[in-house]
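Chemist:
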Amino acid sequence: MKKFLKKLPFLLLILLHASFLLAMLVEKLNITSNLIFIAAIIILVLIAYTQVPRHEDKHLKQDFLAVGFVVLGAVVTFYLNVQVNLGPVIAAGAVGTIASYVPWLNRQSKLLNEVPASTYCGAFVGMSSPNIAGSFMFILFASFIAGLLLVFSKNIFRGFGGKLGTIAFGGVAVTYLLIFLFL
Amino acid sequence: MDAIILIITGAFAAVCTYFLNVKLQQGPVRASAALSLAVGLVFHFFPNLLPQPLNANIPIVFIGSSFVGMVSSSVVANYFVVAASGALFSLIYLNTSNFFTGYGGSLGTIACISLLVTIGLPFLAKKNKISNGYLVLRKLIFKKKKH
Chain A
1 MKKFLKKLPF LLLILLHASF LLAMLVEKLN ITSNLIFIAA IIILVLIAYT
51 QVPRHEDKHL KQDFLAVGFV VLGAVVTFYL NVQVNLGPVI AAGAVGTIAS
101 YVPWLNRQSK LLNEVPASTY CGAFVGMSSP NIAGSFMFIL FASFIAGLLL
151 VFSKNIFRGF GGKLGTIAFG GVAVTYLLIF LFL
Chain B
1 MDAIILIITG AFAAVCTYFL NVKLQQGPVR ASAALSLAVG LVFHFFPNLL
51 PQPLNANIPI VFIGSSFVGM VSSSVVANYF VVAASGALFS LIYLNTSNFF
101 TGYGGSLGTI ACISLLVTIG LPFLAKKNKI SNGYLVLRKL IFKKKKH
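Taken in order, these protein sequences are the chains called A and B.
In terms of UniProt numbering, the first sequence has 103 at position 103, counting the first letter as 1, and numbering is strictly consecutive.
In terms of UniProt numbering, the second sequence has 69 at position 69, counting the first letter as 1, and numbering is strictly consecutive.
#1: Residues in the same chain with beta-carbon distance under 7 Å from A:Lys154, minus the five sequence neighbours each way, listed in chain order, please.
#2: Per DSSP, what kind of secondary structure is A:Arg54 in: helix, strand or coil?
#3: What is the residue span of the alpha helix (DSSP H) that A:Val89 lies within?
#4: To the nearest angstrom, how far is the alpha carbon of B:Ala33 from that of B:Ile63?
#5: Taking DSSP as the reference, what is the three-state secondary structure of A:Ile132?
#6: Whose CA, out of A:Val125, A:Leu149, A:Ile145, A:Cys121, lies closest to the CA of B:Met70?
#7: If you follow the alpha helix (DSSP H) that A:Leu5 is in, where does it begin and where does it stop?
#8: Can you grab the Cα-Cα spacing for the pair A:Thr50 / A:Thr119, in whole Å?
#9: Measuring only the C-alpha atoms, how far is A:Ala133 from A:Ala66?
#10: If you draw a straight line from the alpha carbon of A:Val26 to that of A:Lys61, how long is it in whole angstroms?
#11: Give a yes or no on whether 9 Å exceeds the smallest Cβ distance from A:Lys154 to chain B.
#12: Return the residues of the segment 9-32 of chain B that lie within a Cβ-Cβ distance of less than 7 Å from chain A, sorted by chain order.
#13: Could you please give the first and the last residue of the uninterrupted alpha helix (DSSP H) stretch that includes B:Arg30?
#14: Beta carbon of residue 242 of chain A, beta carbon of A:Leu140: below 9 Å?
#15: Expressed to the nearest angstrom, what Euclidean distance is found between the alpha-carbon atoms of B:Phe43 and B:Asn95?
#16: Just tell me which of A:Met127, A:Phe124, A:Ala99 has its CA closest to the CA of A:Cys114.
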């Protein structure tokens, strides 16, 4: 059971990648060149999964504070993106730039060193378009799920570009699915 | 033509972010966010700088590709690999499905996939990761040479 729980975040991220690639595949199934392109991507990604290193750090209670920063980053980004009408790129860039200077307040603090990554992860959730994320409640819930995913995937894909984005995608996709199923 | 410009933008953004992140030691978040903010602001204040489809797409490709450059130097230590991933990011972005349009984090997912593809390419694998079979073979050859 414990072994399965350790592997769960890894499987979840693989599932997210797979659903993204499958959506690409299904949409353009009749174009041969596209089919070959995506098939090659899937094979190479599968090879790469075997080379991803794993770490064995324990989860601390402190880590769960990161969820708060994810939610904060998401809400601020969504506000700048939709209400102020700056667009997703400027909103996420501004939030990320400000967050990256937070550790300067106290360099010894471990908590403050976690702030940039988790806030930037939240910023990706806030980049959602208003067609998908209708309200702030959606963003709050999606970023909460993304925050939990971020904490549980602490030991995998460390230092990989796009890890935070995949986690944010997971939060948004799960929330959208839940709303689609139950509301 | 537009596609070529976007692919070059992707490679350029990834390499710039990686340079800021690793060489200038600004950390991944600041490298990606500050560069994207600058590019986003330029295209926000000069909306007629380039023809329309490019104007809308370049900031998005730039921020997405800069996620590729957020990779740490312990995972990828080669500028060529980063540039290839950035270019691949643009290729996947151009062929992406409409199903996930507007989902936050879909750019990050593309970045992660394109990075994993270049890591999965066998001929770009790290040199110190020699397989066991190769080591045995080398031992045999060296022993024969001594005789």
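We put the CB at the ideal spot given by N, CA and C, even for glycine.
For clarity, every value in this text was computed on a predicted model and none was experimentally measured.
Modeler: So, from the listed chains and residues:
#1: So the list reads Asp57, His59, Asp63, once near-sequence residues are dropped.
#2: DSSP, reduced to helix, strand and coil, places A:Arg54 within a strand of the structure shown.
#3: DSSP places A:Val89 inside the alpha helix (DSSP H), whose first and last residues are 88-100.
#4: Rounded to whole angstroms, the separation of the alpha carbons of B:Ile63 and B:Ala33 is 8 Å.
#5: Here A:Ile132 sits in coil by DSSP.
#6: The candidate whose alpha carbon is nearest that of B:Met70 is A:Cys121.
#7: Element bounds for A:Leu5: 2-27.
#8: Straight-line Cα distance between these residues: approximately 29 Å.
#9: When rounded, the distance between both Cα atoms is 22 Å.
#10: Here the alpha carbon of A:Val26 sits roughly 42 Å from the alpha carbon of A:Lys61.
#11: No, A:Lys154 lies away from the interface with chain B (no Cβ there is under 9 Å from its Cβ).
#12: So the close ones are Gly27, Val29, Arg30, Ser32.
#13: Per DSSP, B:Arg30 belongs to the alpha helix (DSSP H) from 28-45.
#14: Lying outside 1 to 183, the shown extent of chain A, residue 242 of chain A is not represented and no answer is given.
#15: B:Phe43 and B:Asn95 have their C-alpha atoms spaced approximately 23 Å apart.
#16: According to the sequence provided, residue 114 of chain A is Glu. The question's Cys does not apply to it. Nearest of A:Met127, A:Phe124, A:Ala99 to A:Glu114, Cα basis: A:Ala99.
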